[in-house]
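Chemist: Sharing a structure with you now.
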Amino acid sequence: MTQTKTPRTPTRMVPAPSHGIIPERDLNSQPVLEARNLGIEFGGLHAVEDFNLIIGRTEIAGLIGPNGAGKTTVFNLLTKVYQPTMGTILLNGRDTAGMNTMQANKLGIARTFQNIRLFGNMSVEDNVRIGLHNQVRYGMFSGIFRLPAYYRGERQMHERALELLSIFDMQDLARHQAGSLPYGAQRRLEIVRALATNPSLLLLDEPAAGMNPHETEELMENIAKIRDKFHIAILLIEHDMNLVMGICEGICVLNYGRIIAKGTAEEIQNNPVVIEAYLGKKKEA
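Per the working numbering, residue 11 is the first one in the sequence shown, and the count goes up by one each step.
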């Protein structure tokens, strides 16, 4: 675990009713996410076990840990790619038991992926419009017969797509083929597409992967801007500790599928158990 910066603007984190910590500003609002005793087994192996996490309504939270710790598995559980074999997930106060990925998305959770999953042969705008699928304002009848409602709905989706793209100053790339964009721009487009589903909780899986220091600094600013503009919570997996410590308010550390520490950036950065998980235990002389 390398030396990192402390957060630019420390947030006061306070105890929450469900034995967690959340930003003080979110204390009187229902948490956007509560994971209770969450776990999953694969062939008798506990990939994730006894995972407990609470995220405040406008919190920027981090999920970190060494490679293979189970972080992406947690994301797959939260988004219902995997069905947990134990525990409960409450999203906006509703139990997601039995829901599929699409139902969870409609309830307010969206994500990006460690490996970019754009439709490379489609335009930038069309990729965003796919995310707007649950906000279509016209029915099948209007679409087939090209009634006024169809053109009105199409215009609204076009305007909304450009508005979302403008978050990253990408509106002028709307007609470009998504697969032709530079790597960093593709990362940003995937975030925009996730935002198009109108989430209350956005999961970002290694958003800074492949970015240079300047792009990473810009990403930090944009993550904060997204939280403030959309009034949503963000949970990110990231190996860039400067980004994590610079933007995350609450941090959860995972190792071998279990939580080994939770706290603020400063607490995590100085936690000997976390340092040992990243660097290994020093051999005695």
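For each residue, glycine too, the CB sits at the ideal point set by N, CA and C. Quantities reported herein were computed from a predicted structural model and do not represent experimental measurements.
For the beta strand (DSSP E) holding A71, just list the boundary residues, first then last.
Modeler: That run of the beta strand (DSSP E) goes I70 to I74.
Chemist: What's the call for D182, buried or exposed, on a 16-neighbour Cβ count within 10 Å?
Modeler: Flag for D182 reads exposed.
Chemist: Using a Cβ-Cβ cutoff of less than 6 Å, which residues in the same chain neighbour A219 once the five nearest sequence positions on both sides are dropped?
Modeler: If we look at A219 and ignore the five residues flanking it on each side, it has no Cβ neighbours.
Chemist: For the candidate residues T207, N208, T21 and I244, whose alpha-carbon lies nearest to that of P3?
Modeler: With the chain covering 11 to 295 only, the question about residue 3 has no answer from this structure.
Chemist: Would you kindly check if the distance between the Cβ of P20 and the Cβ of I32 is under 8 Å?
Modeler: Not in contact: I32 and P20 (Cβ atoms no closer than 8 Å).
Chemist: Under the three-state reduction of DSSP, which class applies to F155: helix, strand or coil?
Modeler: Any reading at F155 must be qualified, since the residue scores a pLDDT of 49, below 50, and its modelled position is unreliable; no value is offered.
Chemist: Look at the alpha carbon of L88 and the alpha carbon of R165, and state the distance between them as a whole number of angstroms.
Modeler: Each residue's alpha carbon lies about 33 Å from the other.
Chemist: Under a three-way DSSP split, which group does N102 fall into?
Modeler: Reduced to three states, the DSSP call for N102 is coil.
Chemist: Answer with buried or exposed for F52, where buried requires no fewer than 16 other C-beta atoms within 10 angstroms of its C-beta.
Modeler: Classification for F52: exposed.
Chemist: Look at the alpha carbon of P25 and the alpha carbon of G267, and state the distance between them as a whole number of angstroms.
Modeler: Distance between the alpha carbons of P25 and G267: 24 Å.
Chemist: Measuring only the C-alpha atoms, how far is F155 from F178?
Modeler: Residue placement at F155 is flagged as unreliable, the pLDDT there being 49, under the threshold of 50; a coordinate-derived value is accordingly withheld.
Chemist: Starting from the C-beta of M109, find all residues in its chain whose C-beta is less than 6 Å away, skip the five residues before and the five after it, and write them out in chain order.
Modeler: Closer than 6 Å at Cβ, skipping near neighbours: K90.
Chemist: Going by beta carbon distance, what residues of the same chain come within less than 6 Å of A171, once the five residues before and after it are set aside?
Modeler: Within the same chain, A171 has close Cβ partners E135, V138 and R139.
Chemist: Quick check on DSSP: helix, strand or coil for M255?
Modeler: Three-state DSSP puts M255 in a helix.
Chemist: On the criterion of 16 or more Cβ atoms from any shown chain inside 10 Å, does K239 qualify as buried, or is it exposed?
Modeler: Exposed.
Chemist: From the DSSP output, in three-state form, read off I97 for me.
Modeler: The sequence shown places Gly at residue 97, rather than the Ile named in the question. In the structure shown, G97 sits in a strand (DSSP, three-state: E or B).
Chemist: From what residue to what residue does the alpha helix (DSSP H) around E135 run?
Modeler: Per DSSP, E135 belongs to the alpha helix (DSSP H) from V134 to G141.
Chemist: Between the alpha carbons of M167 and T106, how many angstroms are there, rounded?
Modeler: For M167 and T106, the distance between alpha carbons rounds to 29 Å.
Chemist: Just to confirm my understanding: we take Y92, look at its own chain, exclude 5 residues before and 5 after, and list those with CB closer than 8 Å. What are they?
Modeler: Same-chain partners within the cutoff: I50, T83 and N86.
Chemist: Whole-angstrom Cβ separation of A195 and L174, contact assumed at under 8 Å?
Modeler: In fact, because the Cβ distance is near 14 Å, the residues do not count as touching under 8 Å.
Chemist: Quick one: what does DSSP say I126 is sitting in, helix, strand or coil?
Modeler: If DSSP states are grouped into helix, strand and coil, I126 belongs with coil.
Chemist: Just curious, the beta strand (DSSP E) that G260 is in, first and last residue?
Modeler: From DSSP, the beta strand (DSSP E) with G260 extends over G260 to N265.
Chemist: What separation, rounded to the nearest whole angstrom, lies between the Cα atoms of A79 and T95?
Modeler: Distance between the alpha carbons of A79 and T95 is about 18 Å.
Chemist: Return the residue from the list G273, M132 and E277 that minimises the CA-CA distance to N62.
Modeler: Here the closest residue by C-alpha is G273.
Chemist: Looking at the C-beta of V42, does it have a partner C-beta in chain D at a distance below 8 Å?
Modeler: Among the chains of the structure shown, chain D does not appear; only one protein chain is present.
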